[in-house]
Amino acid sequence: MSDTAATAAGTTTDPTTATGLKRTMEQRHLVMIALGGVIGSGLFVSSGYTIGEAGPLGAVLAYVLGALVAWMVMCCLGELAVAYPVSGGFHIYASRNLGQAWGFATAWLYWLCWAVALGSEFTASGILMQRWFPGISVWVWCLVFGILLFTLNAVSARVFGETEFWLSLIKVVAVLALIIVGAATIVGINPVADGPTPGLGNFDTDAGLFPAGFGGMLVVTLGVFYAFSGTELIGVAAGEAKNPEKVIPKAIRTAVIRLTVFFVGAILVIAALVPYEDAGLDESPFVTVFDIAGISGMGDVMNFVIIAALLSAGNSGLFSCTRMLHSMAAEGQAPKAFLRTTKRGIPMLALCVSMVGGVASLLSSEIAPSSLYMILVSIAGFAVVAVWIAIAASQLSFRRRFLAAGGEIAGLHYRAPASRVLAWLSIIALVASLIGVGFDADQREALTVGFPFTVICLVYYRWRHGAGCFTPQGQDAELDAAVTASSRK
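Counted from 1, the sequence shown has number 38 at position 35 by the working numbering; the numbering is strictly sequential.
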């Protein structure tokens with residue numbers, strides 16, 4: 004049995020993997036990595052856009068759908084992550100179960116998503132800092148934040164986990180405060196708020212319950228799925244988890260439950276208090292809610308929290324980019340130089356290259372910022388949906404190959420419930436979101452840029468490796484280990 008297969012079977016005792024990465028993360032780190040990657044600008048800023056486009060009830064239902072699809076995809080991911088507990092995660096699942104070309108495209112799409120998003124987070128944080136320091140240019144703050152996150156990621160995986168734990172805690176407290184204060188204002192028990200009790204009157208708009216129709220809800224689903232992106236970071240960090248067959252499934256369940264409470268609860272409060280005609284991207288709806296609640300001075304507090312949220316998401320994204328490049332190199336899908344690690348187990352060259360991607364995207368603060376920023380965001384949204392589709396499709400293929408090899412479903416350490424149904428439902432919902440953005444001129448860049456990029460990846464890999472790269476290449480060590488373990492359970 005190879006070292007990788009031994010790791011997959013849970014038999015390795017060395018805290019350092021064969022790839023040089025160290026298993027130093029625990030369940031609380033994995034949960035907070037997921038929370039840190041998700042609770043960011045998608046909730047604190049973009050939620051206002053979702054409400055404005057889909058209406059109050061449409062926005063709430065869109066986020067309920069987003070949470071449901073995230074759970075379905077994460078169930079598929081949980082089964083794969085336990086069978087393949089290797090750092091880098093789901094692009095390896097696609098390579099093993101769909102074909103090397105699909106894994107190659109998945110890896111580069113996901114890396115590009117987070118590299119581009121990293122620059123977006125830096126730029127947004129720099130813009131928000133001008134509230135307090137208007138005389139300092141945005142690029143200066145971008146440089147400061149870039150150096151800070153680079154240093155945190157260059158120390159060790161455990162320092163990353165601890166940092167993300169505390170950054171995420173700040174955001175969790177902010178979301179809970181919004182839900183509690185907002186709920187109190189809605190039912191009229193907030194003594195500070197002025198005027199009549201708001202109740203749920205916002206949902207009964209002049210244009211009905213769905214002022215934008217069901218089409219409006221469909222159009223925003225891509226953005227909602229992007230808002231939930233980051234939960235799959237558990238899969239990226241799987242290679243650095245202790246006892247992955249026990250930790251990963253529990254971490255996925257915990258993360259999805261908490262995200263559902265935070266996202267749906269927050270959107271429900273915001274939709275009930277902020278008129279959908281006034282919702283948008285001009286101001287964080289969190290700040291608006293506290294203004295409606297009559298709490299003065301919360302603008303600066305929430306501005307700080309949102310900056311922390313953006314930097315936390317960037318921190319998670321940089322970690323993901325770095326580990327993805329390292330794993331791609333191990334698979335032969337990127338230069339071998341990315342395999343080199345420091346004595347602390349950090350793939351430094353991969354970290355530096357990932358930072359270059361973020362720095363390049365910072366040009367959005369100087370060169371056509373609005374148009375370039377929208378292009379970058381649309382690419383990120385397309386990439387996340389494509390990766391989720393790859394996860395679900397990989398799980399379907401894994402089950403088929405696992406059974407064909409003589410494996411016993413009851414013997415899997417973690418089984419996705421009703422796996423075929425969940426996987427297909429998630430794929431249908433994700434494809435529908437791509438169709439929906441085709442009807443929205445503001446988001447159409449997701450298709451005009453995302454599809455060609457994917458095709459280029461596939462054509463390039465086909466040119467280098469031949470037609471056989473589009474199908475699974477027989478059994479692999481991890482599949483053999485999973486089959487063997489299932490027969491012994």
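By construction, the Cβ of each residue, glycine as well, lies at the ideal position given by its N, Cα and C atoms.
Counting C-beta pairs closer than 8 Å gives fewer than three between the region 293-308 and the region 116-130, which falls short of the contact rule. Taking C-beta separations shorter than 8 Å and ignoring five residues to either side along the sequence, the partners of N205 in its chain run P59, A274, A275, L276, V277, P278, Y279, following chain order.
In this structure, E82 keeps its C-beta atom at 8 Å or more from the C-beta atom of A296. Looking only at G441, A70, W111, the smallest Cα-Cα distance to I255 is reached by A70. In this model, D209 and G43 are separated by some 32 Å (Cα to Cα).
Secondary structure of T345 (DSSP, three-state): coil.
When only Cα atoms are considered, L352 and A340 end up about 7 Å apart.
If you draw a straight line from the Cα of L225 to the Cα of F385, it is about 8 Å long. In terms of CA proximity to G61, L212 leads the group R326, I139, L212.
Under DSSP, T208 forms a beta bridge with G211. Boundaries cannot be given for G58, as no alpha helix (DSSP H) includes it and DSSP labels it neither H nor E. Judged by their CB atoms, L46 and A186 are not nearer to each other than the 8 Å cut-off. The C-alpha of V452 lies about 40 Å from the C-alpha of L203. At a Cβ-Cβ threshold of 8 Å, A432 and V72 count as neighbours. Counting only the Cα atoms, L415 lies some 48 Å from T291.
Exclusion of the five residues before and after Q103 leaves C472 as the residues of its chain whose Cβ lies within less than 6 Å of its Cβ. Sequence-distant partners of H329 (beyond 5 residues in either direction) whose C-beta falls short of 6 Å from its own C-beta, in its chain, are F341, P350, A353. Distance from the CA of T474 to the CA of E235, rounded to the nearest whole angstrom, comes to 24 Å. Secondary structure of G138 (DSSP, three-state): coil.
For F153, the secondary structure class from DSSP, reduced to helix, strand or coil, is helix.
Secondary structure note for V452: its alpha helix (DSSP H) is the uninterrupted segment 448-468. Taken through DSSP and simplified to helix, strand or coil, G129 comes out as helix. In terms of CA proximity to M358, G320 leads the group R404, D207, A269, G320.
Here the alpha carbon of A65 sits roughly 29 Å from the alpha carbon of I298. Q336 counts as buried, since no fewer than 16 other beta carbons sit within 10 angstroms of its beta carbon. The beta carbons of V440 and V227 sit about 11 Å from each other, so the pair does not count as a contact at 8 Å.
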